[in-house]
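**Q** So the sequence lines, in the order shown, correspond to chains A and B. Under the numbering used here, the first residue of the first sequence carries the number 1, and numbering increases by one thereafter. Under the numbering used here, the first residue of the second sequence carries the number 238, and numbering increases by one thereafter. Beta carbons: idealized from backbone N, C-alpha and C, even for Gly. Below is one structure. I have some questions about it.
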Amino acid sequence: MDGIAVHGVTKRYGRVVAVDNLTFSLEPGRVTGFVGRNGAGKTTTLRMLVGLTRPTRGIATISGIRYRELREPLRQVGALIDPNCFHPGRTGRNSLRAIARMAQIEDTRVGEVLELVDLGSAAGRRVGGYSLGMRQRLALAAALLGDPGTLILDEPANGLDPDGVRWLRSLIRGLGAQGRTVLISSHVLAELAQAVDDVMVIEKGRLVAHGPMAELTNRGETLEDAFLRLTAIQGAS
Amino acid sequence: MTSAIISAELLKLRSVRGPWIAVLVLAALVVAGLVFAAALIGDPGQPVLEPGTLTEMVRGPGRLIGGVALLLGLLLTTGEYRHGTVLTTRTAQPDPARTVFGKAAAAAIAGVLVAVIMELITLAGAAALYASGDVAFEPLMHAVPATLGSVILVAALHAVAGVGIGELLRSPALAVGAVLSWVFMVEGILPSVLREPGLGRWLPGGVAHSALSIGLPHDASQLVPAVGLVVLAGYAIGLLVAGTARAELTDP
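So this is what it looks like as structure tokens:
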């Protein structure tokens, strides 16, 4: 299974520093929560990991290789960056078939992941008629197409109903238990706390904490309490 | 890997309604053109139905077919940015140049298919018209095969140019607006503004016109057809390279 390594990554947009000299590494078999305020740099970091955004400085790798240089990227990394990444006029099944063809993944896998995310019966409908939760499930199916060793999920619980959130939690825990590296960003800290082994906290583009969930919350705090304490310290400094 | 990209891009193109609507509208226009020609032929001042008229009938829809092929190329690229599918495309195939060239190949294949279908419709309609007028139907003579070839090549080149323009501009409205402005305004006034009346034959519309002029007596104000095709190919490749550079240098 594959690990993630980020070393000295900075991303500037003009005078704005979105990510500032970020360094971390994630080991296979661990589910890591990635938390931060709006605009803290979470999505930019995740986009840099999958080659959608070029770092201004530094290097991000999966199994020691930059995403752009991976030979079969979807078989190594599955990414859910935005559920609005499907043509509304295309069916769910054809959306996944197009991705599978491009990545040279067999068509039979499309049916498997559609069933896995409980979209089998809606696969023939156009994505424009899907709810946000259904698009989120479809994006998750796209991430799982290549049965990858590493998963990078940005706010995967957005739009899911309570059943869906519970299903997602068990799916993520299951993926971690299979030895995969899972990095998951979320604002729903109470939910995240039930699914992750480790937590990374980012504030103003900088990593302010990274460690096992139990260590970060060892004063009997909730993850939310710990997050507010850590980001308050960083904000004051 | 490139064939996988082409196959994926062709699937994208045929799995949404926009391209089908464009092709159906084109087919309706081609049929309407045939009906119009059938009604006019033989009228005073209009062409007489004779074996050589077939070349004109085959050439007639060439520019329109090129326009729809260009639109297919535009839809294939700008649609990715409009609907965010560029995210899944780039994560599945992280090399932007490979993706753009795959798109160009897929658009060219689609353009060729559209041209072949439209010309088959034209030939079928013409065959019926010739049979009703008891005139010899000779599709292998009078430069008809060469004209068919030029229509197909022009369609493929327009499709490639569409991919390049789409990658450069990324917005469907902006791309379509830019193309229409160029065709209906800029190309018409540029030679006058620059006081270079001969410039028009070197501009994209002029070279497309020349490329489709196979079998016609040479018009000194136009390029010869072969040169027209080469210059048109130059425009298509130039736009594709520029679009690829933008895809390589800027994040989606």
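Alpha carbon to alpha carbon, what distance is there between B/L248 and A/L74?
**A** About 19 Å.
**Q** Excluding sequence positions up to five away, which residues of its chain have a Cβ less than 6 Å from the Cβ of A/S25?
**A** The residues are A5.
**Q** For the alpha helix (DSSP H) that B/A445 lies in, which residues bound it at each end?
**A** Unbroken alpha helix (DSSP H) run through B/A445: P441 to A448.
**Q** Applying the criterion that 16 or more other CB atoms from any shown protein chain within 10 Å of the CB defines a buried residue, is A/V16 buried or exposed?
**A** Burial call: exposed.
**Q** Could you give the DSSP three-state label for A/L119: helix, strand or coil?
**A** If DSSP states are grouped into helix, strand and coil, A/L119 belongs with coil.
**Q** Distance, Cα to Cα, B/P298 vs B/V349?
**A** Going by the C-alpha atoms only, they are around 14 Å apart.
**Q** Report the partner residues of A/T57 according to the DSSP bridge assignment.
**A** Per the sequence presented here, residue 57 of chain A reads as Arg, with Thr not at that position. For A/R57, which the question treats as bridged, DSSP gives the partners A/T10.
**Q** Tell me the DSSP secondary structure of B/V372 in three-state form.
**A** Reduced to three states, the DSSP call for B/V372 is coil.
**Q** Cα separation between A/I59 and A/G8?
**A** Rounded to the nearest angstrom, the two C-alpha atoms are 7 Å apart.
**Q** Report the residue ranges of all alpha helix (DSSP H) runs contained in full by the region 290-359 of chain B; include only those spanning at least 4 residues, in chain order.
**A** Here the runs fully enclosed are 290-296, 299-320 and 323-329.
**Q** Select from the region 290-301 of chain B all residues with a C-beta closer than 8 Å to any C-beta belonging to chain A, and list them in chain order.
**A** Per Cβ criterion, the list is empty.
**Q** Is B/I389 helix, strand or coil by DSSP?
**A** Helix at B/I389.
**Q** Please work out which residues of its chain come closer than 7 Å, Cβ to Cβ, to A/R109, disregarding the five sequence neighbours upstream and downstream, and give them in chain order.
**A** A100 and L145.
**Q** How many Å lie between A/R66 and A/G51 at the Cα?
**A** In a straight line, the C-alpha of A/R66 is about 8 Å away from that of A/G51.
**Q** For B/P434, which residues in the same chain have their Cβ closer than 7 Å to its Cβ, ignoring the five residues on either side in sequence?
**A** Only P428 meet the Cβ criterion.
**Q** Should A/F34 go down as buried or exposed, given a rule of 16 or more other Cβ atoms within 10 Å for buried?
**A** Buried, by the Cβ-count rule.
**Q** Sort out for me which residues DSSP pairs A/T45 with in a bridge.
**A** DSSP output for A/T45 lists no bridge partner at all.
**Q** Starting from A/L151, trace the alpha helix (DSSP H) in both directions and tell me its first and last residue.
**A** First-last for A/L151: T150 to D154, but that is the beta strand (DSSP E), not the alpha helix (DSSP H).
**Q** With respect to the beta strand (DSSP E) encompassing A/S25, which residues constitute its N-terminal and C-terminal limits?
**A** Here the beta strand (DSSP E) through A/S25 covers V16 to L26.
**Q** For A/Y13, count neighbouring Cβ atoms within 10 angstroms of its own Cβ and tell me buried if that reaches 16, exposed if not.
**A** Exposed: under 16 other Cβ atoms inside 10 Å.
**Q** Label B/E404 either buried or exposed according to how many other C-beta atoms from any shown protein chain fall within 10 Å of its C-beta, with 16 as the threshold for buried.
**A** By the neighbour-count rule (16 or more Cβ atoms within 10 Å), B/E404 is buried.
**Q** Below 8 Å on the Cβ atoms is my guess for B/G399 versus B/L307; work out the distance and round it to an integer in Å.
**A** The Cβ separation is near 4 Å, so the contact holds.
**Q** Quick one: list the residues of chain A neighbouring B/L248, beta-carbon separation under 8 Å, in chain order.
**A** What B/L248 touches in chain A: N94, R97, A98 and R101.
**Q** Scan the region 80-91 of chain A for residues whose Cβ lies nearer than 8 Å to a Cβ of chain B and list them as they occur along the chain.
**A** Against chain B - using a Cβ distance shorter than 8 Å - the residues of the region 80-91 of chain A are I81, D82, N84, C85, F86, H87, P88, G89, R90 and T91.
**Q** When DSSP builds the beta bridges, which residues end up paired with A/P212?
**A** Paired residue(s): A/D198.
**Q** Pull the bridge partners of B/L377 from the DSSP assignment, please.
**A** Answer by DSSP bridge pairing: none, since B/L377 is not bridged.
**Q** I want to verify the contact list: residues of chain B whose CB lies under 8 Å from the CB of A/T43, in sequence order.
**A** By Cβ distance, chain B contributes nothing, its closest Cβ being about 11 Å from A/T43, past 8 Å.
**Q** If you draw a straight line from the C-alpha of B/A344 to the C-alpha of B/I426, how long is it?
**A** So the alpha carbons of these two residues sit roughly 30 Å apart.
**Q** Compute the Euclidean distance between the alpha carbons of A/S251 and A/L140, then round it to the nearest angstrom.
**A** A query on residue 251 of chain A cannot be resolved here, the shown segment of chain A reaching from 1 to 237 and no further.
**Q** With distances taken from CA atoms, which of B/T239, B/A373 and B/G339 is nearest B/E287?
**A** Of B/T239, B/A373 and B/G339, the residue nearest in Cα terms is B/A373.
**Q** Could you check what DSSP says for A/F227 in three-state terms: helix, strand or coil?
**A** In this structure, A/F227 counts as helix in the three-state DSSP scheme.
**Q** Could you tell me which chain A residues have their CB closer than 7 Å to the CB of B/L324, listed as they occur along the chain?
**A** Near B/L324 (Cβ distances below 7 Å), the residues of chain A are L52, I81, D82 and C85.
**Q** Give the single residue among B/L431, B/G339, B/E424 and B/R432 whose Cα lies nearest to the Cα of B/A445.
**A** When each option's Cα is compared against that of B/A445, the closest is B/E424.
**Q** Out of curiosity, what's the CA-to-CA distance linking B/R432 and B/R438?
**A** Taking the straight line from one Cα to the other gives about 14 Å.
**Q** To the nearest angstrom, how far is it from the Cα of A/W167 to the Cα of A/A193?
**A** Those two C-alpha atoms are separated by around 15 Å.
**Q** Residues of the region 102-130 of chain A in Cβ contact with chain B at a cutoff of 8 Å, in chain order, please.
**A** If the cut-off is 8 Å between Cβ atoms, the region 102-130 of chain A has M102, A103 and Q104 near chain B.
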